[in-house]
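Step one of this worksheet: look at the structure below.
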Amino acid sequence: GTPIKIAEFNNRVTHILRQQQIPVVEAYQMGLIKNLLTNEIFEILVKKDAARLGIRIEDRIIAEQIKTLIAPYKSATVNDRDALKKFLEIQGMSEKQLVATLRDELTSRILKSTLSSASYVPDALLSDLQAYHGMTKNLEVIFTPNSSITLKEQPSDAELQSYYQERSAGFMNPESRDVTVAVLDSSKIAKPVVTDADIKAFFDENHDQFSLPASVDVEQSLLDDEAKAKAVADAVKAGTSMADAVKQVTGHEQAFQGKNNLSKDGLPSEIATPVFAAKAGDVIGPVKSALGYHVIRLLALKEAQTASFDSVKDKIRKELEDEKSGNAVYDVTGDIEDRLANGETYEALTKDYPLTLTSLKALKKDAKATSWTDKEFQIILTKAFGMKDATPSEMTDLSPNKLYSVRVDKISPAMAKPFAEVKADILKKWTDDQQSQQNLLAAQKRVDDLIAGKIQFTTLNPSPIHALSHAGNTALAKDVTERFMAAEKGKFILAISRDKNGIYIGRVTDVSLPQENKIDDASRKTTEANIADAGYMAYMESLQTKYPVTINDALLARTYGKTTNTAE
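So this note's numbering is basically just the index in the sequence shown, starting at one, shifted up by 954.
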């Protein structure tokens, strides 16, 4: 088996909960810890099954994904390497963990894509589904707002005090903090010079970086039946396009995988060998793999090649400039952090570095941005309320050309508001709760009496609602629409509406289905996507049977169920 070590899992859990600001015990009680563990188990199972199926993600695809991820962190002073470092710091993972995560995600995507290729929906089924979604219902309802309930007695001060004590968390003055924010303008740090000799030396030392392996441009189809795959191959050899051939044989284009550029090390050997032995225009297959039967048409073969120095020197210059500028910024931030660690203040450092200080008094978690963009301020706010003492935080990225550090100068803890100050609010909340409870009891009795025939619905003067659909009707609260759309004809039901703060009692009097159901591409794609998702979930469940899993619930309870644990 493949054990998940509690120490490694706990590191990931702590990082996630710290980002979400959720206490560990609360996360355990809500089932979040179990969900995180389940997700990790499924990742391992998919990885195992992908290896069994021969699915491999080549390194160059991983590299391209990483470049996309770090692009927002690059700037004139931040090169690829430093951008990656920042990204990894924010995500709380190592480079090795990032590569493994991306490889697992891409593998899952390939498996899901393969499963979805079989998600064809017949017209008859699609027509029935559209009829269901186009269904309308006529109702008759009565509505009783909670506010219409008259309470016989008002609470005493003692009762309100008790009610307040039970719900004091809802009547709090929130925690506030006085903080100082130091922002470093990295654009004002001197930029190092890159010489032609530096560029040539880098090119000579990193020659392999500028070479591309041999690859092929192909279009392919993946089918689950050998006879159908052979029919597709024969049609393509006879001059039919791959997409049309698939549609002719299967009735749809789901098995057509489109065009791709592939290198030899990214393909299973049973496919790579015949593909790289073919010439442009050849049709290969059917070739059987663990995923099914492949039919491949070779569009072009691209030989391995190495870029010339002149073609890449400008790119190298920029990369080296970015790297040296990033190193300069890194050195400056390191100096600042060292001096702060030795007891110097932000105020003293402004003499030597391009630092701007901002003092924020009585800052609350729901404060709004003033001197920064909303995104920048949210980063600062999260940092400020995640700190435990007055030690300045490390210098980290705020936005391009800006790094920041936060110092907490004062913490004013959250405190319950005095009873006298919130007595009116408490009375209103108590009244709302009592009216809601009494309205529900009365509505439940009324529904029971209607079902038993003790009262007639007509005596309650119900209002008619015509042509209620899944999209709703202005005559009915939105949050009870699906409750009535799911109701049986003639059956009395009760529906609580939080939108309108009251209770509906009603019944369906008529159900209508559309006479004609025009099948459109958007509906077909949506339905097929939903079926593909369901198929993928079924596949995931099957993995648990194929690879038995045991969860140590006692260990989870000991680790996360104790009230002494915190996500610090």
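Beta carbons are placed, not taken as given, at the ideal position from N, Cα and C, and that holds for glycine.
Computed from a predicted model, the values in this text were never measured in an experiment.
_Buried or exposed, going by whether 16 or more other CB atoms sit within 10 Å of the CB of GLN1469?_
Looking at its Cβ environment, which holds fewer than 16 other Cβ atoms inside 10 Å, GLN1469 is exposed.
*State the Cα-Cα distance for the pair GLU1012 and LYS1218, rounded to the nearest angstrom.*
So the alpha carbons of these two residues sit roughly 9 Å apart.
_On the DSSP letters alone, give me the boundaries of the beta strand (DSSP E) that ASN1427 sits inside._
Counting along the chain, no beta strand (DSSP E) covers ASN1427, and no H or E run does either.
*asked:* By DSSP's criteria, ALA1136 is part of a beta bridge. Which residues make up the other side?
replied: Answer is LEU1311, SER1359.
*asked:* For a minimum of 3 consecutive residues, which ranges assigned as the beta strand (DSSP E) are wholly contained in the segment 1135-1197?
replied: 1169-1177, all fully within the segment 1135-1197.
*By the 10 Å Cβ neighbour count, where 16 or more other Cβ atoms means buried, how is ALA1037 classified, buried or exposed?*
Flag for ALA1037 reads buried.
*Pull up the CB-CB distance for THR1345 and VAL1137, whole angstroms please, since I reckon it's below 8 Å.*
Wrong, their Cβ atoms sit about 18 Å apart, outside the cutoff.
*asked:* Let me check understanding here. Comparing Cα to Cα, which of TRP1384, ILE960, THR1499, THR1504 lies closest to GLU1120?
replied: For GLU1120, the nearest C-alpha among the options comes from TRP1384.
*Which residues mark the beginning and the end of the beta strand (DSSP E) in which LYS1213 is found?*
LYS1213: member of the beta strand (DSSP E) spanning 1210-1217, first to last residue.
*How would you label THR1480, buried or exposed, when you count the other beta carbons within 10 angstroms and need 16 or more for buried?*
THR1480 should be labelled exposed.
*With a 10 Å radius around its C-beta and 16 neighbouring C-beta atoms as the bar for buried, classify ARG1006 as buried or exposed.*
An exposed status is given to ARG1006, since fewer than 16 other beta-carbon atoms sit within 10 Å of its beta-carbon.
*Residue of SER1313, HIS1087, GLN1174 minimising C-alpha distance to LYS1242*: The residue with the shortest Cα to Cα distance from LYS1242 is GLN1174.
*asked:* Comparing C-alpha positions only, which one of ARG1437, GLU1442, VAL1462, LYS1443 sits nearest to ILE1450?
replied: The candidate whose alpha carbon is nearest that of ILE1450 is ARG1437.
*Go ahead and pull the three-state DSSP assignment for ASN1092.*
Per DSSP, reduced to three states, the secondary structure at ASN1092 is strand.
*Buried or exposed: where does SER1417 fall if 16 or more other Cβ atoms within 10 Å of its Cβ makes it buried?*
Flag for SER1417 reads exposed.
*asked:* Just verifying my parser: in three-state terms, what is the DSSP assignment at THR1504?
replied: Assignment of THR1504 by DSSP, reduced to helix, strand and coil, places it in the coil class.
*For THR1413, name the three-state secondary structure that DSSP assigns.*
In the three-state reduction of the DSSP assignment, THR1413 falls in the helix class.
*Can you tell me whether VAL1434 is buried or exposed, with buried defined as 16 or more other CB within 10 angstroms of its CB?*
VAL1434 comes out buried.
_Through-space distance from VAL1172 to VAL979, alpha-carbon basis_ = Rounded to the nearest angstrom, the two C-alpha atoms are 52 Å apart.
*Contacts around ALA1282, its chain only, beta-carbon distance under 8 Å, and the 5 residues preceding and following it disregarded*: Shown here for ALA1282: same chain residues with a beta carbon closer than 8 Å to its own, the five before and five after excluded, namely THR1031, ILE1143, ALA1144, LYS1145, PRO1146 in chain order.
*When burial is assigned at 16 or more other CB atoms within 10 Å of the CB, is THR1520 buried or exposed?*
With a pLDDT of 35 at THR1520, under the threshold of 50, the predicted position of this residue should be treated as unreliable, and no value is reported.
*Identify, in the order they occur along the chain, each residue of the same chain with its Cβ nearer than 8 Å to the Cβ of ASN1214, setting aside the five sequence neighbours on each side.*
The residues ASP1171, VAL1172, GLU1173, GLN1174, in chain order, have a CB closer than 8 Å to that of ASN1214 in the same chain once the five nearest residues on each side in sequence are set aside.
*In three-state terms, what does DSSP make of ASP1320?*
Three-state DSSP puts ASP1320 in coil, outside helix and strand.
*To the nearest angstrom, how far is it from the Cα of ILE1064 to the Cα of ARG1057?*
Answer to the nearest angstrom: the Cα atoms are 11 Å apart.
*Rounded C-beta distance between ALA1321 and LEU1335? I'm assuming under 8 Å.*
In this structure ALA1321 is in contact with LEU1335, their Cβ atoms being roughly 7 Å apart against a cut-off of 8 Å.
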